[in-house]
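Taking it in order: structure first as structure tokens, then the write-up.
Protein chains in written order, with our numbering: chain A, 1 to 433; chain B, 1 to 234; chain C, 1 to 168.
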């Protein structure tokens, strides 16, 4: 890296300093997000029946999206926290990209429990607050565990994101002028850059990295227990907790790679998000793909071998029945297609990892869908078996959440440098030594 | 002595006439959802007659099984409700509190018998059916889960009446609407804490078994049949 | 955006070794290390400018976690007892599930303690203005003392002039 610290700083601050306010991309995304929001308001006004859910498939697209986005939110934790703790130097350009994905994916994912409620205006009853009826939420319910876990993780990842942004806000304060400079001055909370401040910042970040990992593991474990704590066939399995965590990290890394590819080309960060980064992330993605395959194989093998009537009915619906196309597409997307792209070094290029990541994201969405819907469609009494078809409301809202993610990311990249300037400078200095 | 309400369903007597379904709908203000919603599997009957065919043409055999909320002692639907809308009363009933339900539908997923129904829209009663509504039972809003309550309004009314008259409840009171309307007397309701009541007697019958008993839900409804549906004698 | 205190003297150094020379010059002039201020746009800890004694943050965070955990456990168990509602097959106070709430609130306590301790000890949002110079954002390092005794003022100013630009 022949860049000096000053050149690096200029390149990384340029997207914020020179950004045009309103781009066509921003307007287009905002319109699509608005469409999704309108669909949701229509649903809240007319009734949840405009969605495709029925009896017995009472959970469909919305819970799929909920689990999917909470899964994506595990990107930041793994990359940022674990690589920080293990002192991997290649993490430096990508930590903030990853942490941002976490925060936004959590915000989007946490909206879905509201969207899927029958009476969403009463959602605040999940919060523990004293009231004149003396009622409290039911701590035996996994949904209340969800409430606490997701809130803790959201606050934790927000802090984990904001802490290293503070010094970069100070940089922006000095490079901008007028009201923008004052704004960043307020946002950096009076940061000066004394060595004591740096020391405390690094200690705080180190502690946060240690804390955020068990929180992240607990979040997706608790989300998996939304399913595992019921007697539904193929849900009531102890493997769900690690299975979901592995799936979350898997989809999270894929989402991170996709975000990095877009950032690299649109913000001209080719020299910072290097092919080496993608190579390393690609290797991680390969490991997670193998782990995912291990878990899904173990789960399906035990179900098939156990030969319990109701469980096997759900299994065959997925593997041989009307969901078999989705099932084999999922296996192809999550394992068969990415495997050569990620295992063969010559193919593990930026394009290769990008293609693998896109298929992984699609495959993991399908995987969430196939966990939820076929099991509900084949519960214990055959007379009560059913099926599910999504409606335009669910499809619109699902599409709008992907646009929301893109929109939030775009806005963020215009306001804050997506590659952490001070961490790269620190890394440069460490290299020189 | 406190009561423990239970039911016995004699499948050897059930003719599949469906009178219980209509009676329940009338008594409990169960909405009719319309043809379109019924085709989309959104029927809201609190009790349903499951019909299974056995054997091949020209001698198929029809089997009927009325399925309603089993009021399980170990109900999987109760611990999962985040707002305590579904809980266990001291008389052994699984109660549903409509005001407290925020519509997560978790309980319906957890119920292995799929007996819970959900209000996907605000219910509509075309005139003059609105005159048929039972004033003793509330009408539920969109987004609220509902299910068989063993006609808890009739249980409460009978208990209040008995207390006012300073006596114990008699055999045969209270009677849920489905039990009352069953022609072949296939449905029997009563107090399981009373060893002499007919329902206690029937629950001890060698013909009796709980539905999906292997799941450990400990339902309070005993299904009686002389032979199991694969032709083996009980 | 330069905010000095009344008698401060600072020098802008451009490289880590000139920073080291500036710090050594101040030390040899008799200034205590704790009063020397080094302001940079990236952490310079490996150069030994930062010696701040014991780090107390992890202990405070552990205390925060304990407080959060106790709070979580009390919240869950006391409210379960206060309005005892029976659900199928489970006791009224379920210790396993209360444990989950305890764990989550313990982690939340630790996280919030970390951020509060950081804000207070960095310090951020402080009243007394620390010195600053926009050149720091361009890679320079600001080294100096906040309040110099008048007797040493000229001596220090002379020494620092040789190293870089003086700021008062």
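From the three backbone atoms N, C-alpha and C, an ideal C-beta is built for every residue, glycine too.
At a cut-off of 9 Å between beta carbons, residue 59 of chain A contacts chain B. In this structure, the CA atom of residue 45 of chain A is about 23 Å from the CA atom of residue 130 of chain B. DSSP places residue 52 of chain B in the uninterrupted beta strand (DSSP E) bounded by 48-54. Using a Cβ distance threshold of 9 Å, residue 281 of chain A and residue 101 of chain A do not count as a contacting pair. DSSP places residue 10 of chain C within a strand segment (E or B) once states are collapsed to three. Where residue 16 of chain C is concerned, the enclosing alpha helix (DSSP H) starts and stops at 16-28. Classified as buried, residue 354 of chain A has 16 or more neighbouring CB atoms from the shown chains inside 10 Å of its CB. Within chain C, 43, 118, 122 have C-beta atoms less than 9 Å from the C-beta of residue 201 of chain A, given in sequence order. Under the criterion of beta carbons closer than 8 Å, residue 79 of chain B and residue 141 of chain A qualify as touching, at roughly 6 Å. Taking a C-beta distance under 9 Å as the contact criterion, residue 157 of chain A and residue 217 of chain A do not qualify as a contact pair.
For residue 218 of chain B, a Cβ of chain C is located within less than 9 Å of the residue's own Cβ.
With contact defined as three or more Cβ pairs closer than 8 Å, the stretch 63-80 of chain B and the stretch 5-13 of chain B are in contact. Look at the beta carbons and you see the stretch 42-61 of chain A touching the stretch 112-126 of chain B: at least three pairs across the two are nearer than 8 Å. With a threshold of 9 Å between beta carbons, residue 281 of chain A makes no contact with chain B. At a Cβ-Cβ threshold of 9 Å, residue 156 of chain C and residue 29 of chain C count as neighbours.
In the structure shown, the three-state DSSP call for residue 7 of chain B is strand. Secondary structure at residue 96 of chain B: strand, using DSSP grouped into helix, strand and coil. When Cβ-Cβ separations below 9 Å define contact, residue 232 of chain A makes contact with chain B.
In the three-state scheme derived from DSSP, where H, G and I count as helix and E and B as strand, residue 146 of chain B is classed as strand.
At a beta-carbon threshold of 9 Å, the residues of chain C lying near residue 79 of chain B are 87, 88, 89, 90, 94, 97, ordered along the chain.
Here residue 161 of chain C is exposed, its C-beta having fewer than 16 other C-beta atoms within 10 Å.
Look at residue 87 of chain B: its C-beta is under 9 Å from a C-beta on chain C. Counting along the chain, residue 63 of chain B sits inside no alpha helix (DSSP H); it lies in the beta strand (DSSP E) bounded by residues 61-67. Taking residue 60 of chain C as the centre and dropping the five residues before and after it, the same chain places the C-beta of 113, 117 closer than 7 Å to its C-beta, in chain order. Apart from sequence neighbours up to five positions away, the residues of its chain that approach residue 235 of chain A with a beta-carbon distance below 7 Å are 227, 228, 375, ordered along the chain. Taking the beta carbon of residue 75 of chain B as reference, the chain C residues within 9 Å of it are 87, 88, 89, listed in sequence order. The three-state reading of DSSP puts residue 87 of chain C in strand, counting E and B together. Under the 9 Å criterion on CB atoms, residue 369 of chain A is classed as non-interfacial with respect to chain B. Of all residues in the stretch 297-315 of chain A, none comes within less than 8 Å of chain B when Cβ atoms are compared. Between residue 15 of chain C and chain A, the shortest Cβ-Cβ separation is not below 9 Å.
Rounded to whole angstroms, residue 55 of chain B and residue 61 of chain B show a C-alpha spacing of 6 Å.
Within a 10 Å sphere around the beta-carbon of residue 88 of chain A sit fewer than 16 other beta-carbons, which makes this residue exposed. Residue contact check for residue 242 of chain A against chain B: no CB pair falls below 9 Å. The three-state secondary structure of residue 223 of chain B, taken from DSSP, is strand.
DSSP places residue 187 of chain B within a strand segment (E or B) once states are collapsed to three. Residue 116 of chain A has a beta carbon lying within less than 9 Å of a beta carbon in chain B.
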